[in-house]
Every structure is written in C-alpha cells, then in structure tokens.
Amino acid sequence: MGNYYQPEIETMPRAQLQALQSERLVEQVRRVYENVPYYRAKMDAKGVTPDDIHGIEDLHKLPFLSKADLREAYPCGLLAAPKKDCVRIHSTSGTTGKRVVAFYTQHDVDLWEDCCARAIVAAGGTDEDVVQVCYGYGLFTGGLGLHGGSHKVGCLTLPMSSGNTERQLQFMEDLEATILCCTPSYAMYLAESAIETGVRDRLHLKSAIFGAEAWTEEMRHDIEDKLGLKAYDIYGLTELSGPGVAFECAEQNGMHINEDHFIAEIIDPVTEEPLPLGSKGELVFTAITKQAFPMIRYRTRDICMLKAEKCSCGRTHVRMCKPMGRSDDMLIIRGVNVFPSQIETVLLNQGMPANYQIIVDRVNNSDTLDIEVEVPQELFSDTVSAISKKEKELVSALKAMLGIMAKVHLVAPKSIARSEGKAVRVIDKRKLY
Ligand code: DLL
14 MGNYYQPEIE TMPRAQLQAL QSERLVEQVR RVYENVPYYR AKMDAKGVTP
64 DDIHGIEDLH KLPFLSKADL REAYPCGLLA APKKDCVRIH STSGTTGKRV
114 VAFYTQHDVD LWEDCCARAI VAAGGTDEDV VQVCYGYGLF TGGLGLHGGS
164 HKVGCLTLPM SSGNTERQLQ FMEDLEATIL CCTPSYAMYL AESAIETGVR
214 DRLHLKSAIF GAEAWTEEMR HDIEDKLGLK AYDIYGLTEL SGPGVAFECA
264 EQNGMHINED HFIAEIIDPV TEEPLPLGSK GELVFTAITK QAFPMIRYRT
314 RDICMLKAEK CSCGRTHVRM CKPMGRSDDM LIIRGVNVFP SQIETVLLNQ
364 GMPANYQIIV DRVNNSDTLD IEVEVPQELF SDTVSAISKK EKELVSALKA
414 MLGIMAKVHL VAPKSIARSE GKAVRVIDKR KLY
C-alpha cells in the first residue's frame with residue numbers, strides 16, 4: 014500500500030519538485046513511446062522522439078491528446094501496460110459518442126487513493142473522522158476514489174453511494190458523520206431535506222469535500238450556512254484517475270495540484286500555445302506516474318488559471334482556480350459568451366436558491382435565453398406583484414452580468430428535479446435542430 018501522507022513532497026521546494034517532474038516525465042514519455050503505438054504515431058507525425066525530451070522544459074514539444082483521441086483509441090488503444098496487469102476500469106458519464114474507459118494497475122489505484130487521502134487530510138480529516146461518501150460508486154470515479162482515500166487516512170468510511178436521501182440523513186445522524194463527500198448540487202438537496210425533516214441540528218458534520226461539477230463561491234456559502242460545515246473543493250477527471258488531481262487546503266485560495274503526479278499547463282485553446290502562469294486558458298495535464306493509462310498533454314477543456322506563489326498552508330504545489338466552466342459548456346447566445354456559473358452567481362447573490370434550469374433555444378433565427386428558478390418559500394406566499402418585482406430585479410442583474418437579456422420565470426418551490434450526482438443545469442434546444 015502506498016504512503017498517503019508525504020508532507021515532504023507537498024512542501025518540497027519548487028526547484029526540487031521540478032527536478033522530480035522532469036525525471037518522471039522523461040521516463041514516462043519513453044514508456045509510452047515504446048508501449049502505445051497510437052501515441053508513438055502522434056509523436057512520429059510531429060517529428061519528436063523520446064531523445065528530444067530532457068525535462069519539463071521540453072513538454073511543449075509533445076503532441077496533445079484529446080477526448081477525440083480517447084474515443085478513436087477506444088477501448089484499449091492507449092493502454093501502456095499489459096491488460097493482465099490492470100485491476101480496474103472507470104468510465105465517464107458522457108452522453109454522446111463512445112464512453113471513455115480508463116484503466117488502472119494496482120500501483121495506479123494506490124497513487125490515486127493517496128491523492129484523495131491528501132485532500133481529506135487538507136480538509137482536516139484524521140483517523141478520528143467518519144467520512145460519508147455519497148458520490149456514486151461504480152464506473153464513476155467519485156465514490157471509489159474518495160472511499161479509497163478515506164481508508165488510507167484510517168477514517169471510518171460510510172460507502173453510501175448517491176441517492177436514497179432519507180437513508181443518507183439517517184446514517185449521517187446515527188453514525189455521527191463528520192466529513193461529507195458528494196457533488197455540491199446533491200449537498201444542496203441533502204441540506205434542504207435535513208432542514209425540512211429537523212435532522213439538521215442533530216448532525217455532526219465539520220467539513221465537506223465537494224467537486225465533480227462547477228460550483229460558485231455563493232453556493233459554497235449557502236451550503237456552509239445550511240449544514241454548518243466548511244466546504245472544500247476537489248477537482249479531477251476520469252482520464253487522469255478521478256478526484257484528487259487537485260484539492261483545497263484550509264486557506265481556500267485555489268486547489269493545490271498534486272504536481273508530483275500531474276504536470277499542469279495552461280494553453281490558448283485556439284492557437285494551442287502554452288500561456289504564462291496567471292493567464293486564463295485551457296487546462297492541460299500530463300500524468301507522470303500512471304502506468305496503465307498515462308495521459309500526455311491531455312486537453313481537459315476546463316477553462317482555468319494557475320498560480321505558483323507559495324501558499325500560507327506551507328504546500329508548494331501550484332494552485333488552480335475554480336474552473337470557470339468548460340470550453341464546451343460555454344454558451345454562445347446572440348454572439349455573447351455566457352458561462353452557466355455567471356448565472357448561478359447572480360441568482361444566489363439575489364437570494365434565490367440554487368435550484369434553477371437554463372433553457373436556450375432559437376426562435377425566428379434569434380437565440381433565446383430562459384431561466385427557470387424556484388421561488389424561495391418565503392416569497393411563494395407573497396403577492397403576484399412582489400413576485401413580478403423579483404423577476405424584474407433578476408432580469409436586470411442578469412443583464413448587468415451577461416450583457417444580454419434573459420427571461421426569468423419564477424416557478425414553485427420543489428418543481429425543478431433535484432440532482433443526486435452531477436446536476437444538468439442547461440438544456441440547449443438548438444443542439445436538437
Ligand atoms: O467528476 C471526478 C471527480 C469526482 C472530481 C468527484 C471531483 C469529485 P469526470 O466525471 O470525468 O470526473 O468529470 C470531469 O468534471 O473536466 C470538470 O469539467 C468537472 N469537474 C470536476 N471537478 C470539478 C470541480 C469527475 N471541483 C470533469 N469544479 C472535469 C468544477 C469540476 N468542475
């Protein structure tokens with residue numbers, strides 16, 4: 014079993030960390046070139062050989078991998094280890110095209126669980142804690158990833174998976190869960206139910222580890238208030254193992270990337286050129302320790318910024334900001350770029366609940382943007398004119414944030430379906446035509 018807690022790695026001086034990354038990169042590129050004909054062909058086409066890669070300064074010479082490559086090489090075309098050495102697969106929940114299947118050797122599972130354990134420790138977890146894991150178990154990486162991390166820390170682990178909210182709350186209360194792991198949208202649902210059923214004041218939660226979907230600072234404060242805990246962000250993707258690629262420390266000023274395992278770059282998504290630290294662009298990762306499915310320069314499509322200043326927690330690893338949305342999630346409405354997270358920020362700042370749906374359509378050759386949001390209970394019993402005043406306030410706040418008009422429809426409390434995993438907030442009907 015790997016050793017999860019390595020403060021000497023998390024606090025390593027950057028020069029030493031970069032030397033470690035360089036050494037691992039050189040080895041990884043050679044292994045992939047020798048074992049993965051698909052990636053070798055890409056390197057050959059670019060005229061790069063393993064001999065050209067001497068360290069991280071040569072990373073930019075290597076070709077990118079994208080989701081399209083993963084689909085083309087489905088299911089085993091990017092395997093870098095014999096299938097008989099693999100012990101697990103996970104797969105993405107993509108709704109279009111072929112699923113992405115990621116393979117793991119035992120070594121890969123160990124390193125991944127170490128990364129999740131670091132996240133739990135950073136959120137204050139110790140072997141005294143009771144960790145309730147309500148991310149889905151199965152092909153999705155959320156459940157088994159945090160589960161493995163929790164074991165490594167020695168926490169009592171409740172492998173709940175998602176759904177069955179009543180039972181979740183019962184176990185949370187009876188077993189005195191102290192750390193909650195789930196998507197932020199499911200946490201909202203749990204919080205709402207805990208308050209309604211009166212369980213809220215009997216809970217012992219102190220912190221939570223939320224990720225797998227975009228969520229705003231406003232949503233963080235809302236859940237923290239409702240559940241009386243401190244909420245930590247965790248980031249990851251199936252292609253790179255799952256949750257734990259990056260995680261927040263107590264400073265909550267960006268997520269530390271586990272740089273001894275993943276090299277992060279920010280590129281311009283159009284020119285594909287690497288951008289300097291602090292620039293906004295697409296996040297690209299190279300996995301330098303994975304054996305079975307080692308992604309090199311994998312384009313995540315997540316729009317993000319990196320910062321390298323040392324964090325006051327003592328960790329030296331680069332931090333990534335909350336992803337500002339995925340380049341493929343960005344909506345272009347009447348020529349204007351709109352991220353769903355901007356809409357969420359406005360709604361929550363205006364005192365609305367995070368139960369909303371964004372509907373984009375095209376009528377008479379013009380894009381339309383409709384936002385359905387549930388009326389808070391206290392406003393629901395109010396007069397029609399109070400409700401229409403609130404709608405007008407929301408329309409003008411949205412116009413100020415987005416630069417375009419949106420129609421707002423206040424709907425009855427609980428009329429929008431709740432999510433037990435990743436919430437589906439956007440319905441873009443234009444894609445159906
Ligand atoms: O969502 C892995 C995960 C599970 C992360 C549990 C955190 C907690 P995928 O299903 O492959 O893997 O989806 C990966 O989800 O590229 C981001 O767009 C998004 N995402 C993941 N974490 C965050 C986060 C898991 N903290 C995709 N904030 C990524 C915003 C996130 N987006």
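If you read the sequence shown in this note's numbering, its first letter stands for residue 14, the second for the next number, and so on. Yeah, the Cβ is synthetic: ideal placement off N, Cα and C, and Gly gets one too.
Near the ligand DLL: residue i beta-carbon under 6 Å from a heavy atom
| i | result |
| --- | --- |
| residue 22 | no |
| residue 438 | no |
| residue 248 | yes |
| residue 267 | no |
| residue 224 | yes |
| residue 155 | yes |
| residue 140 | no |
| residue 227 | yes |
| residue 161 | no |
| residue 148 | yes |
| residue 82 | no |
| residue 313 | yes |
First through last residue of the alpha helix (DSSP H) which encompasses residue i
| i | result |
| --- | --- |
| residue 393 | 390 to 393 |
| residue 128 | 119 to 135 |
| residue 403 | 397 to 415 |
| residue 353 | 353 to 362 |
| residue 50 | 50 to 59 |
| residue 178 | 178 to 187 |
| residue 156 | 154 to 166 |
Nearest to residue i (by Cα), restricted to the options the options
| i | options | result |
| --- | --- | --- |
| residue 84 | 189, 67 and 111 | 111 |
| residue 368 | 380, 387 and 355 | 387 |
| residue 407 | 356, 86, 33 and 297 | 356 |
| residue 119 | 392, 419 and 303 | 303 |
| residue 80 | 71, 70 and 113 | 113 |
| residue 228 | 381, 35 and 437 | 437 |
| residue 266 | 21, 141, 395 and 325 | 325 |
| residue 23 | 441, 172 and 323 | 323 |
| residue 271 | 381, 398, 425 and 298 | 298 |
According to DSSP, residues forming a beta bridge with residue i
| i | result |
| --- | --- |
| residue 104 | 114 |
| residue 208 | Answer by DSSP bridge pairing: none, since residue 208 is not bridged. |
| residue 387 | 424 |
| residue 68 | Answer is none; residue 68 lacks a bridge partner. |
| residue 379 | 376 |
| residue 171 | 145 |
Span of the beta strand (DSSP E) around residue i
| i | result |
| --- | --- |
| residue 250 | 243 to 250 |
| residue 376 | 369 to 376 |
| residue 143 | 143 to 146 |
| residue 220 | 220 to 224 |
| residue 268 | 268 to 270 |
| residue 276 | 275 to 280 |
| residue 82 | Premise fails: residue 82 lies in the alpha helix (DSSP H), 80 to 85, not in any beta strand (DSSP E). |
| residue 256 | 255 to 261 |
At least three beta-carbon pairs within less than 8 Å, the region 172 to 187 to the region 207 to 224: Output reads yes: the region 207 to 224 touches the region 172 to 187.
Count the C-beta pairs between the region 94 to 105 and the region 319 to 338 that are closer than 8 Å, then say yes if the count reaches three, no if not. no
Given 8 Å as the limit, is there contact between the region 349 to 365 and the region 293 to 311, that is, 3 or more CB pairs closer than that? no
Decide if the region 255 to 267 is in contact with the region 123 to 130; the criterion is three or more beta carbon pairs, one per stretch, under 8 Å apart. Contact between the region 255 to 267 and the region 123 to 130 is present, because at least three Cβ pairs lie under 8 Å.
Taking one C-beta from the region 219 to 227 and one from the region 238 to 246 each time, how about it: are there three or more such pairs within less than 8 Å? yes
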